[in-house]
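Asks: One structure, as structure tokens, below. Some questions next.
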Amino acid sequence: MRFSFMGKHGGSHPEENKSRTSQLPIVDATVPKILIFPVSMHIGAPAKPVVEVGDKVKVGQLIAEEGGFISANIYSSVSGEVIAIEKRPTAKGPTDSIIIKNDYEYTKADPIVEPGHSHEMDKDKIVETVRKAGIVGMGGATFPTAVKLSPPPGMTIDTLIINGAECEPYSTSDHRVMVEYADEIVDGINLARTLFPRLKQIYIGIEDNKPNAIEALRKASEDFDDITVRPLKTMYPQGSEKNLIKTLTNREVRPGGLPAEVRCVVMNTSTIRQCYRACEFGEPLIERIVSVSGTPIKEPKNLRVKIGTPMDSLIEDCGGFSEVPGKVLSGGPMMGQAVSDLGVVIIKGTTAVTVLTPEEANQGEEQDCIMCSECLNVCPVSLQPILISDAFERGNIDKAEELGAMDCIECGNCSFICPSKIPLLENIRNAKAAIKAKKEG
Amino acid sequence: MAQAIDVKGKLRTGPSPHIRKARTAAGVMTEVLIALIPPAIAAVFFFGWWVIGMLAIGIGTAVLAEYTYQKLTYKPIKIHDRSAMVTGALVALSLPVTAPIWMIIFGSLFAIIIVKQMNGGIGRNYFNPAVAARVVTKAFFTPWLANWVLPGGFLGSGYRGVDAIATATPLEYLGNGAQTVTEQVPGLWDLFMGFNLGGNIGETSKIAILIGMLYLIFRGVIHPKIPILYIVSTFLIMGFWSSFNFNFMMSHVLTGTLFFGATYMATDYSSGSLTPQGKTVFAIGCGVLTAFFRIVFDFPGGVGFAILIMNALAPYIDSKLMPRIYGHETRPQVDYDRQKSNS
Chain A
1 MRFSFMGKHG GSHPEENKSR TSQLPIVDAT VPKILIFPVS MHIGAPAKPV
51 VEVGDKVKVG QLIAEEGGFI SANIYSSVSG EVIAIEKRPT AKGPTDSIII
101 KNDYEYTKAD PIVEPGHSHE MDKDKIVETV RKAGIVGMGG ATFPTAVKLS
151 PPPGMTIDTL IINGAECEPY STSDHRVMVE YADEIVDGIN LARTLFPRLK
201 QIYIGIEDNK PNAIEALRKA SEDFDDITVR PLKTMYPQGS EKNLIKTLTN
251 REVRPGGLPA EVRCVVMNTS TIRQCYRACE FGEPLIERIV SVSGTPIKEP
301 KNLRVKIGTP MDSLIEDCGG FSEVPGKVLS GGPMMGQAVS DLGVVIIKGT
351 TAVTVLTPEE ANQGEEQDCI MCSECLNVCP VSLQPILISD AFERGNIDKA
401 EELGAMDCIE CGNCSFICPS KIPLLENIRN AKAAIKAKKE G
Chain B
442 MAQAIDVKGK LRTGPSPHIR KARTAAGVMT EVLIALIPPA IAAVFFFGWW
492 VIGMLAIGIG TAVLAEYTYQ KLTYKPIKIH DRSAMVTGAL VALSLPVTAP
542 IWMIIFGSLF AIIIVKQMNG GIGRNYFNPA VAARVVTKAF FTPWLANWVL
592 PGGFLGSGYR GVDAIATATP LEYLGNGAQT VTEQVPGLWD LFMGFNLGGN
642 IGETSKIAIL IGMLYLIFRG VIHPKIPILY IVSTFLIMGF WSSFNFNFMM
692 SHVLTGTLFF GATYMATDYS SGSLTPQGKT VFAIGCGVLT AFFRIVFDFP
742 GGVGFAILIM NALAPYIDSK LMPRIYGHET RPQVDYDRQK SNS
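Here the protein sequences line up with chains A and B, keeping their order. Per this note's numbering, the very first residue in the first sequence carries number 1; after that it's consecutive. Per this note's numbering, the very first residue in the second sequence carries number 442; after that it's consecutive.
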């Protein structure tokens with residue numbers, strides 16, 4: 001166990017469990033016969049289907065268009081036929097989905113912009129292309145990237161942060177993208193220069209457990225003096241947007257505020273690469289890199305996956321299960337979502353599929369708090385999780401709010417570290433919901 | 442290829458995080474018990490085999506008291522969290538080898554029933570049970586406590602230290618206005634190792650306590666700043682008092698309950714500070730008060746009083762030193778004390 005003299009770490013050190021996949025090259029996943037596209041695979045309004053049952057679609061054809069300013073287009077990742085539009089299970093519950101039967105012809109639709117002209121694009125053209133490509137935050141947040149790239153007027157961006165921390169245990173998809181596509185990430189950064197003319201500093205933040213990714217990006221960016229590849233201490237949640245800004249610039253985003261208010265934009269490595277590919281090749285977001293790992297997985301892999309591929313297809317690609325799994329997660333073990341059905345598909349924000357044994361997923365038996373203060377020590381935003389949880393359990397919603405419940409970023413460190421196995425984050429989430437309900441009611 | 446294992450209906454759901462650190466509350470207490478082994482071994486070495494009997498009585502009484510109290514008050518039985526074992530061991534190690542059996546039992550009962558359980562049980566008591574017990578036994582039963590008995594060795598002293606010789610404590614020469622080390626005070630090496638040193642059985646060998654302290658620090662059970670700031674504060678105050686007479690300062694650090702209290706008592710979770718900065722203030726406060734009591738008063742037990750006073754102040758310190766939340770300009774100004782039953 002690690003300690004610091006001041007007693008406050010602002011993070012925890014879960015077992016990394018990345019070694020089974022971190023050095024494996026990305027390979028193509030098997031493309032399944034049936035692909036499912038939930039119309040809500042991003043933050044914001046659901047996309048509106050623009051195809052009907054029976055329609056033939058091509059690879060890269062728009063199948064659902066954005067349903068508002070904060071929303072995103074959805075494209076087919078295969079060619080084939082729309083066979084149904086109906087509710088299907090997702091990690092967040094049943095969602096309207098477009099179901100496409102793959103014809104394995106891979107007939108391509110026209111690119112969204114003419115390829116090869118990204119360096120000539122102006123600011124508006126780049127934002128428009130990113131919006132059209134349906135790009136959302138691919139690190140899991142799934143916030144529409146075009147919105148992020150258009151900060152409100154009056155806000156100057158002087159710092160661009162590329163988030164390659166990848167602090168979730170087991171996950172290695174960003175790691176592989178950085179090692180294998182470092183040049184495309186740097187190309188994406190150079191596109192962003194057009195977007196933010198006042199840019200002074202560009203950081204690429206990578207946890208120091210990925211030396212080959214650090215090296216690859218240093219090499220790819222060696223011609224640019226303003227790009228700094230910054231190794232970060234391996235600590236969860238190093239990749240949280242707010243904390244990354246603080247670590248790299250010593251600026252803090254106010255509660256409920258945008259990073260743009262402190263002149264920063266933070267983008268995930270896969271997202272910036274995707275922006276480049278959209279502008280340069282006219283490619284919409286139809287595939288992504290997903291790491292599939294965990295003790296019950298026979299042959300863990302880093303896979304290039306068509307959006308809409310169900311998890312069971314990926315698990316088969318990885319040789320299936322070697323033992324009965326306890327939990328299957330969309331994402332990593334700290335912030336991922338448990339699914340009860342392996343028909344749940346890979347969407348734009350799925351970084352990883354993590355499978356835990358029943359023992360690994362054991363939450364332990366809850367006991368009385370011993371006041372060890374570990375939850376305070378590991379909270380990245382300096383909350384006192386036990387007090388908020390305690391106030392909620394006693395029905396004191398006002399105190400929970402005064403103690404800062406709404407500032408919780410839900411990283412899960414408090415629940416993870418608690419020796420008394422108190423479901424701290426669960427209580428804080430419930431407190432947040434109660435505070436919101438009280439305000440609205 | 443079909444999946445060999447059918448998972449339908451077998452997958453668990455539930456909110457994130459999906460993994461938990463292996464350490465449990467009982468595991469933390471086990472670590473403390475392990476860290477008490479070096480001073481316990483030193484106690485047996487210096488004061489004889491009866492130490493084992495004292496520990497058995499202290500721990501046995503504490504566990505039985507907790508069980509009985511919880512049974513009689515229809516509360517869930519929680520002796521498996523091992524915190525009562527820690528308290529019982531601390532009570533026993535805080536007494537001299539001549540302490541009568543009834544006093545060990547009284548100390549454990551007082552610690553568990555009055556200080557711990559009647560204040561809400563684990564994690565809710567404001568005062569450290571073992572410290573409160575030692576202060577109370579000292580205050581009321583001094584006639585039965587020949588405090589400073591010279592050790593007789595493993596076989597030498599035996600049951601209740603019949604061969605023990607009671608003498609004045611070094612603190613009587615070091616404290617109460619003294620500013621220099623007189624010849625009645627043992628040398629620093631003897632103070633550090635515990636050679637020819639009388640006192641409460643667990644407290645004489647500082648090297649044994651240091652091993653326990655380092656174990657707790659490296660196992661991540663205690664915050665290093667608590668024992669370090671506590672001891673350094675006493676050291677520095679004694680420095681100011683004695684015009685930086687190094688021998689005097691070190692003699693104070695290595696005498697009495699300071700090392701033991703700083704390692705095993707000021708670091709108690711429930712009665713200490715919760716917030717990171719609160720811990721700093723708490724530890725320095727303990728050190729300053731200990732030095733003050735030693736300089737000004739002519740009674741033993743300054744460490745116990747210092748810790749109890751800081752225990753009482755800890756909730757107030759915490760409420761004033763709540764950590765500033767990310768993105769906020771000021772600390773939260775909230776009156777909230779989870780140890781209070783009606784917060």
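Where a beta carbon is used, it is the ideal one built from N, C-alpha and C, also for glycine. All of these numbers come straight from a predicted model, not from anything done at the bench.
Kindly give me the distance between the Cβ atoms of Val-577 (chain B) and Phe-568 (chain B), rounded to whole angstroms, as I take these residues to be in contact under 8 Å.
Replies: Within the second sequence, numbered from 1, the residue matching residue 577 (chain B) stands at position 136. Within the second sequence, numbered from 1, the residue matching residue 568 (chain B) stands at position 127. In fact, because the Cβ distance is near 11 Å, the residues do not count as touching under 8 Å.
Asks: Determine the burial state of Pro-255 (chain A): buried for a count of at least 16 other Cβ atoms within 10 Å of its Cβ, exposed for fewer.
Replies: Position 255 of the first sequence holds residue 255 (chain A). Exposed, since its Cβ has fewer than 16 Cβ neighbours within 10 Å.
Asks: Distance cutoff 7 Å, beta carbons only. Does Lys-512 (chain B) sit that close to anything in chain A?
Replies: Within the second sequence, the letter at position 71 stands for residue 512 (chain B). Not one chain A Cβ lies under 7 Å of Lys-512 (chain B).
Asks: The beta strand (DSSP E) spanning Gly-164 (chain A) covers which residue range?
Replies: Position 164 of the first sequence, counted from the start, is the residue given in the question as residue 164 (chain A). Looking at the DSSP string, the run of the beta strand (DSSP E) that includes Gly-164 (chain A) is 159–164.
Asks: How about the segment 166–179 of chain A and the segment 380–396 of chain A: do they share at least three Cβ pairs that are nearer than 8 Å?
Replies: Segments in contact, no.
Asks: For chain A, is any of its Cβ atoms less than 7 Å away from the one on Val-572 (chain B)?
Replies: Taking the second sequence and counting its residues from 1, the one referred to as residue 572 (chain B) is at position 131. Chain A, which has no Cβ nearer than 7 Å to the Cβ of Val-572 (chain B), makes this no.
Asks: List the endpoints of the continuous alpha helix (DSSP H) containing Val-572 (chain B).
Replies: To locate residue 572 (chain B), count along the second sequence from 1; it is residue 131. Residues 570–582.
Asks: Check whether chain B comes within 7 Å of Leu-303 (chain A), counting only Cβ atoms and requiring the distance to be less than that.
Replies: Within the first sequence, residue 303 (chain A) is the residue found at index 303, counting from 1. So no, Leu-303 (chain A) is outside the interface.
Asks: Please go through the same chain and pick out, in chain order, the residues whose beta-carbon is closer than 6 Å to the beta-carbon of Pro-310 (chain A), but skip the five residues on each side of it.
Replies: Reading the first sequence from its first residue, position 310 is the one you call residue 310 (chain A). These residues qualify, in order along the chain: Gly-343 and Val-345.
Asks: Any beta-carbon of chain A closer than 7 Å to the one on Arg-779 (chain B)?
Replies: As a first step, residue 779 (chain B) must be located in the second sequence, where it is residue number 338. Yes, its Cβ sits closer than 7 Å to a Cβ of chain A.
Asks: On the criterion of 16 or more Cβ atoms from any shown chain inside 10 Å, does Phe-224 (chain A) qualify as buried, or is it exposed?
Replies: Numbered from 1 along the first sequence, position 224 holds the residue referred to as residue 224 (chain A). By the 10 Å Cβ count, Phe-224 (chain A) comes out exposed.
Asks: I'd like the ranges of any beta strand (DSSP E) spanning at least 3 consecutive residues and lying wholly in the segment 82–136 of chain A.
Replies: Whole beta strand (DSSP E) segments, 3+ residues: 95–102.
Asks: Flag this pair as yes or no: are the beta carbons of Thr-708 (chain B) and Ile-663 (chain B) separated by less than 7 Å?
Replies: On the second sequence, residue 708 (chain B) is found 267 positions in, with the first residue counted as 1. On the second sequence, residue 663 (chain B) is found 222 positions in, with the first residue counted as 1. It is a contact, given that the beta carbons lie within the stated cut-off.
Asks: Using three-state DSSP, classify Lys-451 (chain B) as helix, strand or coil.
Replies: Taking the first residue of the second sequence as 1, we reach residue 451 (chain B) at position 10. Lys-451 (chain B) falls in the coil class under three-state DSSP.
Asks: Rounded to whole angstroms, what's the CA-CA distance from Lys-436 (chain A) to Met-406 (chain A)? Just pull it up for me.
Replies: Within the first sequence, numbered from 1, the residue matching residue 436 (chain A) stands at position 436. Within the first sequence, numbered from 1, the residue matching residue 406 (chain A) stands at position 406. Taking the straight line from one Cα to the other gives about 9 Å.
Asks: I need the DSSP call for Asn-560 (chain B), collapsed to helix, strand or coil.
Replies: Within the second sequence, the letter at position 119 stands for residue 560 (chain B). In the structure shown, Asn-560 (chain B) sits in a helix (DSSP, three-state: H, G or I).
Asks: Quick check on the DSSP output: the beta strand (DSSP E) that includes Ala-352 (chain A) runs from which residue to which?
Replies: Within the first sequence, residue 352 (chain A) is the residue found at index 352, counting from 1. Note, Ala-352 (chain A): beta strand (DSSP E), 352–356.
Asks: What does a CB cutoff of less than 7 Å around Arg-765 (chain B) pick up in its chain, not counting 5 residues either side in sequence?
Replies: Stepping through the second sequence from its first residue, residue 765 (chain B) is reached at position 324. Only Thr-771 and Arg-772 meet the Cβ criterion.
Asks: Contact defined as beta carbons within less than 8 Å: I believe Leu-244 (chain A) pairs with Ala-165 (chain A). What is the distance between those atoms, to the nearest angstrom?
Replies: Within the first sequence, numbered from 1, the residue matching residue 244 (chain A) stands at position 244. Within the first sequence, numbered from 1, the residue matching residue 165 (chain A) stands at position 165. 7 Å between Cβ atoms; contact.
Asks: Indicate whether the contact test is met: 3 or more Cβ pairs, each with one atom in the segment 481–494 of chain B and one in the segment 527–539 of chain B, closer than 8 Å.
Replies: Touching, yes.
Asks: Report the residues of the segment 745–777 of chain B with a CB closer than 7 Å to any CB of chain A, ordered along the chain.
Replies: Residues Met-763, Pro-764, Arg-765, Ile-766, Tyr-767, Gly-768, His-769, Pro-773, Val-775 and Tyr-777.
Asks: If you measure beta-carbon to beta-carbon, which residues of the segment 181–197 of chain A are closer than 8 Å to chain B?
Replies: Those would be none; no residue qualifies.
Asks: What is the rounded straight-line gap between the Cα of Ile-650 (chain B) and the Cα of Asp-208 (chain A)?
Replies: As a position in the second sequence, residue 650 (chain B) is number 209, starting the count at 1. As a position in the first sequence, residue 208 (chain A) is number 208, starting the count at 1. Between Ile-650 (chain B) and Asp-208 (chain A), the C-alpha separation is close to 37 Å.
Asks: Could you have a look at Cys-411 (chain A) and say whether DSSP puts it in helix, strand or coil?
Replies: Here residue 411 (chain A) refers to the residue found at position 411 of the first sequence. Cys-411 (chain A): coil per DSSP, three-state reduction.
Asks: Using a Cβ-Cβ cut-off of 7 Å, state whether Cys-408 (chain A) counts as contacting chain B.
Replies: In the first sequence, the residue the question calls residue 408 (chain A) occupies position 408. Chain B, which has no Cβ nearer than 7 Å to the Cβ of Cys-408 (chain A), makes this no.
Asks: Could you compute how far the alpha carbon of Ala-755 (chain B) sits from the alpha carbon of Asp-522 (chain B)?
Replies: As a working mapping, residue 755 (chain B) is identified with position 314 in the second sequence. As a working mapping, residue 522 (chain B) is identified with position 81 in the second sequence. Their Cα atoms are separated by approximately 24 Å.
Asks: Please classify Pro-94 (chain A) as buried or exposed, where buried requires at least 16 neighbouring CB atoms within 10 angstroms.
Replies: The residue given as residue 94 (chain A) occupies position 94 in the first sequence. Exposed, because fewer than 16 other Cβ atoms sit within 10 Å of the Cβ of Pro-94 (chain A).
Asks: Look at the alpha carbon of Val-147 (chain A) and the alpha carbon of Phe-69 (chain A), and state the distance between them as a whole number of angstroms.
Replies: Counted from its first residue, the first sequence places residue 147 (chain A) at position 147. Counted from its first residue, the first sequence places residue 69 (chain A) at position 69. If I take the Cα positions, the gap works out to 8 Å.
Asks: Within the 7 Å Cβ cut-off, does His-459 (chain B) reach chain A?
Replies: Taking the first residue of the second sequence as 1, we reach residue 459 (chain B) at position 18. Closer than 7 Å: yes.
Asks: Which bits of chain B does Cys-318 (chain A) rub up against, with CB to CB less than 8 Å?
Replies: Reading the first sequence from its first residue, position 318 is the one you call residue 318 (chain A). The premise fails here: Cys-318 (chain A) is roughly 11 Å from chain B at the closest Cβ pair, so nothing lies under 8 Å.
Asks: Is DSSP giving Met-470 (chain B) helix, strand or coil here?
Replies: As a working mapping, residue 470 (chain B) is identified with position 29 in the second sequence. Correct three-state label for Met-470 (chain B): helix.
Asks: Might you give, ordered along the chain, the residues of its own chain that have their beta carbon closer than 7 Å to the beta carbon of Leu-425 (chain A), omitting 5 neighbours on each side?
Replies: Within the first sequence, residue 425 (chain A) is the residue found at index 425, counting from 1. Once the five neighbours on either side are set aside, the close Cβ partners of Leu-425 (chain A) are Glu-410, Gly-412, Cys-414 and Ser-415.
Asks: With a threshold of 7 Å on Cβ separation, who are the neighbours of Met-691 (chain B) within its own chain once the five nearest residues in sequence on each side are excluded?
Replies: Residue 691 (chain B) sits at position 250 when you count from the first residue of the second sequence. Around Met-691 (chain B): Leu-629.
Asks: Using DSSP with H/G/I as helix, E/B as strand and the rest coil, what is Tyr-710 (chain B)?
Replies: Position 269 of the second sequence holds residue 710 (chain B). DSSP places Tyr-710 (chain B) in coil when its eight states are reduced to three.
Asks: What distance in whole Å lies between the Cβ atoms of Ile-347 (chain A) and Pro-38 (chain A), which are believed to be in contact at a cut-off of 8 Å?
Replies: Looking up residue 38 (chain A) in the first sequence gives position 38. Looking up residue 347 (chain A) in the first sequence gives position 347. Their Cβ separation, rounded to whole angstroms, is 6 Å, which keeps Pro-38 (chain A) and Ile-347 (chain A) in contact under 8 Å.
Asks: One question on the structure: do Gly-349 (chain A) and Thr-142 (chain A) come within less than 7 Å of each other, judged by their Cβ atoms?
Replies: As a working note, residue 349 (chain A) is residue 349 in the first sequence. As a working note, residue 142 (chain A) is residue 142 in the first sequence. A contact, by the Cβ cut-off of 7 Å.
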